[in-house]
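Colleague: Here you go, one structure.
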Amino acid sequence: MRNILALGEIRAGALRNISFEMLSAAQEIAEGGKITAVLIGCDDQTLAHELGRFGADQVYFVTGDQLSHYTTDGYLQVLHQLAQEEKPDILLFGHTAVGRDIAPRLASRLGRGLVSDVTDIQLEAGKITFTRPIYAGKAFQQVEMAEDRWLATIRPNNMTAKPLDSKTDPTIIDYKVETSQIRTIIKEIVKKTATGVDLSEAKVVVAGGRGVKSAAGFEPLQQLADLLGGAVGASRGACDADYCDYSLQIGQTGKVVTPDLYIACGISGAIQHLAGMSQAKVIVAINKDPDAPIFEVADYGIVGDLFEIVPLLTEELKTALL
Ligand code: FAD
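Position one of the sequence shown corresponds to residue 1 (the UniProt record's numbering), numbered consecutively onward.
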């Protein structure tokens, strides 16, 4: 029996899917233990009730003056306090900007081990095995922890979010924290990118590389992504060339994405790029060089000029989808 605590994540007033994916993973390994979710700085309690549908027995609804925006300082204080009071065996986080920032710090404060970037969790004869990529996604490692006192970050879009058959309502615990100790105060947030589909959770990603040649070269990619309800991403080559913002970068030092469909346009397929997208379910590569390494990981390859192929593909799909 394991008691599990998972940090729910909210974006634009809605729970991110990773919150449900973590709770579903928790259901599979709890073996009758209590599943606790935590929502920090949220003002909508209906979101807390939603977590019950995915297995949360209780939800800490944490409020306080400086908590409406994420800060390492504020979240660390809250989660450390909660971990000491609730004493969970396991703490789960998304392998997201928030989870990647907070989990190692909390692990160190609690003196526990951390397994990062988990793509699968298996329970067999009471033992938990994690699968995680190594060598920039070239291989997978299976890890067991010596004891049930650990933290893990879970890669979004890898584990299925499974709602429970019968609807349960979790116990909501209103948890007010004393925030005078929080030293980081967010005055204003200036958004760099336009709102749209969240790249980390998008089911379809259309990504452009240096082959896109300019910021304007991303327009046909955006049209294709819009048609498919997806998001636009980029290689570091494209970001370094200033064709797009670094928030779109996918790869070892960028975002990790696991969409159902990844369309790589004018991307050579460097190992650092593959580290962020090779787990996509279907990969389509468009490149004018038939020897580009991206074709080695692609399920479908189109050799040719992306400026001819992408608009053609968009037109064909428009006809097929309408
Ligand atoms: P290029 O390698 O220049 O490839 C451009 C491709 O476009 C070529 O294959 C070319 O044939 C094709 N092309 C050109 N014109 C057309 C056209 N008209 N139609 C079709 N195809 C065309 N990279 C990442 O992406 N993400 C990371 O997170 C990342 N992290 C890194 C971390 C470190 C420590 C280091 C050292 C590197 C990292 N890189 C990362 C950089 C990586 O090594 C590559 O340099 C980068 O991915 C190359 O980007 P690219 O494929 O867009 O450009």
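Note that CB positions come from ideal geometry on N, CA and C, so glycine has one too. This structure is a prediction, so every number in the text was calculated from the model and none was measured.
#1: So, do the stretch 105-119 and the stretch 51-67 have three or more beta carbon pairs nearer to each other than 8 angstroms?
#2: Is there contact here, the stretch 66-86 with the stretch 121-131, by at least three beta-carbon pairs under 8 angstroms?
#3: In chain order, what residues of the same chain lie with their CB nearer than 7 angstroms to the CB of T96, ignoring the 5 residues before and after it?
#4: Are the CB atoms of L224 and V212 nearer to each other than 9 angstroms?
#5: What do you reckon, is the C-beta of I294 under 8 angstroms from a heavy atom of the ligand FAD?
#6: Once the 5 residues before and after I172 are set aside, which same chain residues still bring their CB inside 6 angstroms of it?
#7: Looking only at its chain, what residues have a beta carbon closer than 6 angstroms to the beta carbon of D148, apart from the 5 residues adjacent to it on each side?
#8: May I ask you to report which of helix, strand or coil DSSP gives E124?
#9: Using three-state DSSP, classify L261 as helix, strand or coil.
#10: How big is the Cα-Cα spacing for P290 and E296?
#11: Measure how close the beta-carbons of H273 and G251 come, nearest whole angstrom, since I'm counting them as under 8 angstroms.
#12: Cβ of T253 within 8 angstroms of any heavy atom in the ligand FAD?
#13: Can you determine whether any heavy atom of the ligand FAD sits closer than 8 angstroms to the C-beta of I271, and answer yes or no?
#14: Along the chain, where does the alpha helix (DSSP H) containing A152 start, and where does it finish?
#15: Do you know whose CA, among I283, A298, A270, lies nearest A136's CA?
#16: Report the option in Q27, F93, L15 whose CA atom is closest to the CA atom of W150.
#17: DSSP three-state call for I182: helix, strand or coil?
#18: So which of I286, A14, P293, G126 has the shortest CA-CA distance to L312?
#19: May I ask you to report which of helix, strand or coil DSSP gives I102?
#20: Check whether the Cβ atoms of G301 and V284 sit closer than 9 angstroms, and answer yes or no.
#21: Restricting to Cα atoms, I'd like to know which of G74, E86, T153, Q141 is closest to A103.
#22: Can you look up Q58 in the DSSP assignment and give me helix, strand or coil?
#23: Just tell me which of G217, G64, F140, G237 has its CA closest to the CA of G253.
#24: Go through its chain and collect everything with a Cβ distance to A25's Cβ below 8 angstroms, but skip five positions before and after it.
#25: Is the distance from the Cβ of D226 to the Cβ of R11 below 9 angstroms?
#26: Consult DSSP for R11 and reduce its assignment to one of helix, strand or coil.
Modeller: So, from the data block:
#1: Here the stretch 105-119 does not lie against the stretch 51-67, with fewer than 3 beta-carbon pairs under 8 angstroms apart.
#2: At 8 angstroms Cβ cutoff, the stretches do not touch.
#3: So the list reads E9, I18, P156, S200, once near-sequence residues are dropped.
#4: For L224 and V212, no; Cβs fall outside 9 angstroms.
#5: I294 Cβ: within cutoff of the ligand FAD.
#6: Once the five neighbours on either side are set aside, the close Cβ partners of I172 are A48, V59, F61.
#7: For D148, where only same-chain residues beyond five positions count, the Cβ hits under 6 angstroms are R2, D89.
#8: Assigned with DSSP and collapsed to three states, E124 falls in strand.
#9: Note: L261 maps to strand in three-state DSSP.
#10: Taking the straight line from one Cα to the other gives about 10 angstroms.
#11: Yes, H273 and G251 are in contact; Cβ-Cβ is about 4 angstroms, under 8 angstroms.
#12: Answer for T253: yes, Cβ within range of the ligand FAD.
#13: Checking the 8 angstroms criterion, the Cβ of I271 is within range of a heavy atom belonging to the ligand FAD.
#14: If you look at A152, you'll find it isn't in any alpha helix (DSSP H); it sits in the beta strand (DSSP E) that goes 150-154.
#15: That would be A270, whose Cα lies nearest to the Cα of A136.
#16: Nearest C-alpha to W150 among Q27, F93, L15: F93.
#17: Looking at I182 - three-state DSSP - the assignment turns out to be coil, as it is neither helix nor strand.
#18: With distances taken between Cα atoms, L312 lies closest to I286.
#19: Secondary structure of I102 (DSSP, three-state): helix.
#20: The answer is yes: Cβ separation under 9 angstroms.
#21: The shortest C-alpha separation from A103 is found at T153.
#22: In this structure, Q58 counts as strand in the three-state DSSP scheme.
#23: In the sequence under discussion, the amino acid at residue 253 is Thr, which differs from the Gly named in the question. Proximity to T253 across G217, G64, F140, G237 peaks at G237, based on C-alpha coordinates.
#24: Once the five neighbours on either side are set aside, the close Cβ partners of A25 are L92, I121, I154, M159.
#25: Cβ distance not < 9 angstroms, so D226 and R11 don't count as in contact.
#26: The answer is strand: DSSP assigns R11 an E or B state.
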